[in-house]
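Colleague: First to last, the sequence lines map onto chains P and E. My numbering puts the first sequence at residues 115 to 400. My numbering puts the second sequence at residues 115 to 400.
There are 2 protein chains.
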Amino acid sequence: MGVHGRSEPPEVLVDGRPDRSIGVEDRGLHYGDGLFETIAFRGGRPCLWQAHLDRLRAGAVRLGIPPPSDCLLREEVRRLLEGQDAGTLKLMLTRGIGPRGYRPPALAQPTRILLRYPIAPPTRGWSEPAVAVTLCRVRMGANPALAGLKHLNRLEQVMARSEWDDPAIAEGLLCDARGRLVGGTMTNLFLVRDGRLRTPRLDEAGVAGTVRARVLHHARALGMALYEEHLYPRDLEHADGAFLTNALIGCQPIGRVDGLALDAGAVPSDLLACVQRDVFEPEPDW
Amino acid sequence: MGVHGRSEPPEVLVDGRPDRSIGVEDRGLHYGDGLFETIAFRGGRPCLWQAHLDRLRAGAVRLGIPPPSDCLLREEVRRLLEGQDAGTLKLMLTRGIGPRGYRPPALAQPTRILLRYPIAPPTRGWSEPAVAVTLCRVRMGANPALAGLKHLNRLEQVMARSEWDDPAIAEGLLCDARGRLVGGTMTNLFLVRDGRLRTPRLDEAGVAGTVRARVLHHARALGMALYEEHLYPRDLEHADGAFLTNALIGCQPIGRVDGLALDAGAVPSDLLACVQRDVFEPEPDW
Numbered sequence: 115m116g117v118h119g120r121s122e123p124p125e126v127l128v129d130g131r132p133d134r135s136i137g138v139e140d141r142g143l144h145y146g147d148g149l150f151e152t153i154a155f156r157g158g159r160p161c162l163w164q165a166h167l168d169r170l171r172a173g174a175v176r177l178g179i180p181p182p183s184d185c186l187l188r189e190e191v192r193r194l195l196e197g198q199d200a201g202t203l204k205l206m207l208t209r210g211i212g213p214r215g216y217r218p219p220a221l222a223q224p225t226r227i228l229l230r231y232p233i234a235p236p237t238r239g240w241s242e243p244a245v246a247v248t249l250c251r252v253r254m255g256a257n258p259a260l261a262g263l264k265h266l267n268r269l270e271q272v273m274a275r276s277e278w279d280d281p282a283i284a285e286g287l288l289c290d291a292r293g294r295l296v297g298g299t300m301t302n303l304f305l306v307r308d309g310r311l312r313t314p315r316l317d318e319a320g321v322a323g324t325v326r327a328r329v330l331h332h333a334r335a336l337g338m339a340l341y342e343e344h345l346y347p348r349d350l351e352h353a354d355g356a357f358l359t360n361a362l363i364g365c366q367p368i369g370r371v372d373g374l375a376l377d378a379g380a381v382p383s384d385l386l387a388c389v390q391r392d393v394f395e396p397e398p399d400w
Numbered sequence: 115m116g117v118h119g120r121s122e123p124p125e126v127l128v129d130g131r132p133d134r135s136i137g138v139e140d141r142g143l144h145y146g147d148g149l150f151e152t153i154a155f156r157g158g159r160p161c162l163w164q165a166h167l168d169r170l171r172a173g174a175v176r177l178g179i180p181p182p183s184d185c186l187l188r189e190e191v192r193r194l195l196e197g198q199d200a201g202t203l204k205l206m207l208t209r210g211i212g213p214r215g216y217r218p219p220a221l222a223q224p225t226r227i228l229l230r231y232p233i234a235p236p237t238r239g240w241s242e243p244a245v246a247v248t249l250c251r252v253r254m255g256a257n258p259a260l261a262g263l264k265h266l267n268r269l270e271q272v273m274a275r276s277e278w279d280d281p282a283i284a285e286g287l288l289c290d291a292r293g294r295l296v297g298g299t300m301t302n303l304f305l306v307r308d309g310r311l312r313t314p315r316l317d318e319a320g321v322a323g324t325v326r327a328r329v330l331h332h333a334r335a336l337g338m339a340l341y342e343e344h345l346y347p348r349d350l351e352h353a354d355g356a357f358l359t360n361a362l363i364g365c366q367p368i369g370r371v372d373g374l375a376l377d378a379g380a381v382p383s384d385l386l387a388c389v390q391r392d393v394f395e396p397e398p399d400w
């Protein structure tokens with residue numbers, strides 16, 4: 115969400131060393147053979163640290179990339195955040211350098227990349243209490259083998275994000291080839307109707323968001339009915355309200371999807387408050 | 115096709131300068147936001163140079179990445195191939211460094227990466243006159259917006275290539291989510307039946323191979339009937355023969371798909387000869 119084109123360059127650790135470059139043979143570059151996490155930090159501490167770490171590890175297991183130890187990552191993040199208050203941390207894990215060809219090396223030596231970005235003022239679209247979104251034309255490919263993973267193959271999102279230029283539009287919603295809603299380019303989507311919470315299934319496309327999991331947790335705790343199901347753009351018309359989630363915004367109600375107005379007040383405020391507190395409260399003993 | 119894990123490191127030019135690293139903020143790494151070409155060179159000259167250049171340019175237009183001038187690329191390739199006889203050239207073009215977020219910078223400064231790999235003895239599977247292939251379990255996502263492009267989002271191919279370890283198996287065939295054949299992990303696929311040539315359509319997935327285009331050209335010239343159509347694994351059972359194509363192997367008949375034997379002799383030898391000559395004859399005035 116940095117103001118476009120004016121962001122300061124990030125501070126970077128590559129395999130624990132201050133560096134601004136990576137090896138040109140890295141499989142992260144050649145194939146997008148890796149994973150990433152985008153993590154907010156507040157008060158010098160990463161938010162939802164354990165959730166991000168768990169997802170990274172689960173993704174690494176699915177891709178067969180040996181994950182770094184929690185201790186090592188924690189130590190490197192501590193170093194990178196020293197003396198810093200708030201901002202965004204991006205953590206990338208690639209399968210590292212390998213010979214030419216898709217075949218993963220038998221003994222991969224993964225590359226870990228930590229980038230610390232300064233906190234940026236929200237772009238115009240995201241500074242609204244209820245954001246305006248657009249439905250993108252680009253469709254997402256369905257692939258159960260990759261669904262849910264926060265991997266480095268993100269061209270679909272790049273193409274979707276190229277579809278609009280209006281700074282008043284915060285996010286674009288994406289459907290798969292069958293016309294089913296997957297989520298936003300960088301967010302998960304929730305619909306509210308009659309006090310029930312509905313969100314797209316993630317077994318064929320999409321990212322299993324860390325905040326999405328917190329929403330499901332808190333909604334359950336508040337006794338709300340939850341449905342992970344196939345949703346279509348027409349379901350937006352029948353929704354009372356809708357909201358988006360990710361690790362940097364937490365939860366944000368949607369006020370408008372193209373010409374369709376949605377009632378931001380329909381999103382239960384107790385749920386929003388619980389999730390927002392949970393997400394941005396840095397973990398005390400991370 | 116390098117012998118696994120023993121390949122020499124490539125010689126590299128990044129934006130025309132000898133380098134072994136790229137900026138850690140490059141969108142090629144973060145999103146796979148770019149394209150590549152894999153080019154054979156023989157007698158110090160790149161094979162199918164114009165076809166590779168044309169595909170790169172067409173892909174850049176589709177992704178909205180400003181392509182480098184032909185002259186600049188040619189000059190850099192000349193420098194990299196100076197004094198070299200035969201080997202493999204990999205050309206990558208990314209959208210370059212950008213601020214955080216999927217949105218492409220308004221004025222992208224693309225990164226061009228040229229890697230020169232030594233010629234490698236073919237791996238065991240590919241040294242057979244008719245290769246053995248396997249049908250992969252991983253499915254390819256369908257996405258018309260990306261279909262045909264040789265982009266940097268290649269995790270599906272990486273996962274497919276991880277499915278087998280048997281050095282006697284040269285290649286894996288992939289289907290999309292509807293069970294339709296797309297091609298090999300790094301090759302295009304052709305089936306032959308009753309003198310007719312059939313190859314998967316590429317409007318939802320797959321790469322528009324440079325050699326595939328030459329096969330279609332020569333088959334037409336030889337008066338063969340051609341069908342770009344939906345093909346299924348069961349079509350292999352009814353085929354007389356089948357073959358694979360890419361810029362490094364040219365054309366290679368398939369001898370076996372898992373338990374199914376195919377007749378390598380069913381692939382028209384005049385077609386094979388034409389294509390092979392065309393592909394590996396370096397362009398005189400490239």
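All C-beta atoms, glycine included, are put in the ideal place defined by N, C-alpha and C.
In whole angstroms, give me the CA-to-CA distance for Gly116 (chain E) and Gly309 (chain E).
Modeller: Per-residue confidence for Gly116 (chain E) stands at a pLDDT of 38, beneath the threshold of 50, marking its modelled position as unreliable; no derived number is given.
Colleague: Identify, in the order they occur along the chain, each residue of the same chain with its Cβ nearer than 6 Å to the Cβ of Ala335 (chain E), setting aside the five sequence neighbours on each side.
Modeller: Taken in chain order, the list of residues that qualify is empty.
Colleague: Can you name the residues of chain P whose CB is closer than 9 Å to the CB of Ser241 (chain E)?
Modeller: Result: empty, since nearest Cβ-Cβ is about 15 Å, beyond 9 Å.
Colleague: Return helix, strand or coil for Cys388 (chain E), following the three-state DSSP convention.
Modeller: In the three-state DSSP reduction, Cys388 (chain E) falls in the helix class (H, G or I).
Colleague: Within 8 Å (strictly less), CB to CB, does Ile363 (chain P) reach chain E?
Modeller: no
Colleague: Taking 8 Å as the cut-off, does the stretch 119-139 of chain E touch the stretch 361-376 of chain P (at least 3 CB pairs, one atom from each stretch)?
Modeller: Cβ pair count under 8 Å is below three, so no.
Colleague: Which chain P residues are close to Asp392 (chain E), counting only those with a beta carbon under 9 Å from its beta carbon?
Modeller: Chain P residues near Asp392 (chain E): none, gap ~24 Å exceeds 9 Å.
Colleague: Does the beta carbon of Val381 (chain P) come closer than 8 Å to any beta carbon on chain E?
Modeller: no
Colleague: Quick one, are the C-beta atoms of Gly212 (chain E) and Phe155 (chain E) less than 8 Å apart?
Modeller: Result no, Cβ atoms of Gly212 (chain E) and Phe155 (chain E) do not sit closer than 8 Å.
Colleague: Count the other CB atoms, across all protein chains shown, that sit within 10 Å of the CB of Cys289 (chain E); report buried if there are 16 or more and exposed otherwise.
Modeller: buried
Colleague: Report the CB separation of Glu285 (chain P) from Thr301 (chain P) in whole angstroms; it is logged as a contact under 8 Å.
Modeller: 6 Å
Colleague: Can you pull out the residues from the stretch 196-208 of chain P whose beta carbon lies closer than 9 Å to at least one beta carbon of chain E?
Modeller: Thr202, Lys204, Met206, Thr208
Colleague: When you measure from the CB of Ile211 (chain E) to every non-hydrogen atom of the ligand MG, does any distance come out below 7 Å?
Modeller: As presented, the structure is devoid of all ligands, the ligand MG included, so that no description of it is given.
Colleague: When you compare each of E:Asp354, E:Glu397, E:Ala259 to Val321 (chain E) by their alpha carbons, which one comes out closest?
Modeller: E:Ala259
Colleague: Comparing the C-beta of Ser135 (chain P) with each C-beta of chain E, is any distance below 8 Å?
Modeller: yes
Colleague: Taking the alpha-carbon positions, what's the Trp400 (chain E) to Asp392 (chain E) distance?
Modeller: 14 Å
Colleague: Within 10 angstroms of its Cβ, does Gln164 (chain P) collect 16 or more other Cβ (buried), or is it exposed?
Modeller: exposed
Colleague: In chain order, what residues of the stretch 267-293 of chain P put their CB closer than 8 Å to some CB of chain E?
Modeller: Within the stretch 267-293 of chain P, the qualifying residues are Asn267, Arg268, Leu269, Glu270, Gln271, Val272, Met273, Ala274, Arg275, Ser276, Ala291.
Colleague: With a threshold of 16 other CB atoms inside 10 Å of the CB of Glu196 (chain E), please say whether the residue is buried or exposed.
Modeller: exposed
Colleague: Could you tell me if His331 (chain P) is buried or exposed, where buried requires 16 or more neighbouring beta carbons within 10 angstroms of its beta carbon?
Modeller: exposed
Colleague: Three Cβ pairs or more, each shorter than 8 Å: is that satisfied between the stretch 268-277 of chain P and the stretch 184-199 of chain E?
Modeller: no
Colleague: If you count every other CB in all the chains shown that lies within 10 Å of the CB of Gly373 (chain P), and 16 or more means buried, which is it?
Modeller: exposed
Colleague: Which partner residues of Ile283 (chain P) appear in the DSSP bridge assignment?
Modeller: P:Ala246
Colleague: Between which two residues does the beta strand (DSSP E) holding Met206 (chain P) run?
Modeller: 201-208
Colleague: Which stretch, first to last residue, makes up the alpha helix (DSSP H) that contains Thr237 (chain E)?
Modeller: Taken as a continuous stretch (DSSP letters only), Thr237 (chain E) belongs to no alpha helix (DSSP H), as it is neither H nor E.
Colleague: If we define contact as Cβ-Cβ less than 8 Å, is Asn360 (chain E) a contact residue for chain P?
Modeller: no
Colleague: Leaving out five residues on either side along the sequence, give the residues of the same chain with a beta carbon under 6 Å from the beta carbon of Cys388 (chain P).
Modeller: His332
Colleague: Which residues in the same chain as Ala261 (chain E) place their Cβ atom closer than 6 Å to its Cβ, once the five residues preceding and following it in sequence are excluded?
Modeller: The beta carbon of Ala261 (chain E) sits closer than 6 Å to those of Leu316, Asp317, Glu318, Ala319, all from its chain and outside the five residues before and after it, given in chain order.
Colleague: Can you say whether Leu221 (chain P) is buried or exposed, counting buried as having 16 or more other CB atoms within 10 angstroms of its CB?
Modeller: exposed
Colleague: Return yes when the Cβ of Ser135 (chain E) is within less than 8 Å of the Cβ of Ile227 (chain P), no when it is not.
Modeller: no
Colleague: Alpha carbon to alpha carbon, what distance is there between Leu162 (chain E) and Arg176 (chain E)?
Modeller: Roughly 21 Å separates the two Cα atoms.
Colleague: Quick one: does Arg171 (chain E) have its CB under 8 Å from some CB of chain P?
Modeller: no
Colleague: Would you verify that the beta carbon of Leu143 (chain E) is, or is not, closer than 8 Å to some beta carbon of chain P?
Modeller: Answer yes: the Cβ-Cβ gap between Leu143 (chain E) and chain P drops below 8 Å somewhere.
Colleague: Would you mind sorting Gly293 (chain E) into buried or exposed? The rule is 16 or more other CB atoms within 10 Å of its CB.
Modeller: Burial is judged here by how many other beta carbons sit within 10 angstroms of a residue's own beta carbon; Gly293 (chain E) has fewer than 16 and is exposed.
Colleague: Checking contacts by CB at 8 Å: is Pro218 (chain E) closer than that to chain P?
Modeller: yes
Colleague: Assuming contact is defined by CB atoms lying nearer than 8 Å, are Val371 (chain P) and Gly355 (chain P) in contact in what I supplied?
Modeller: no
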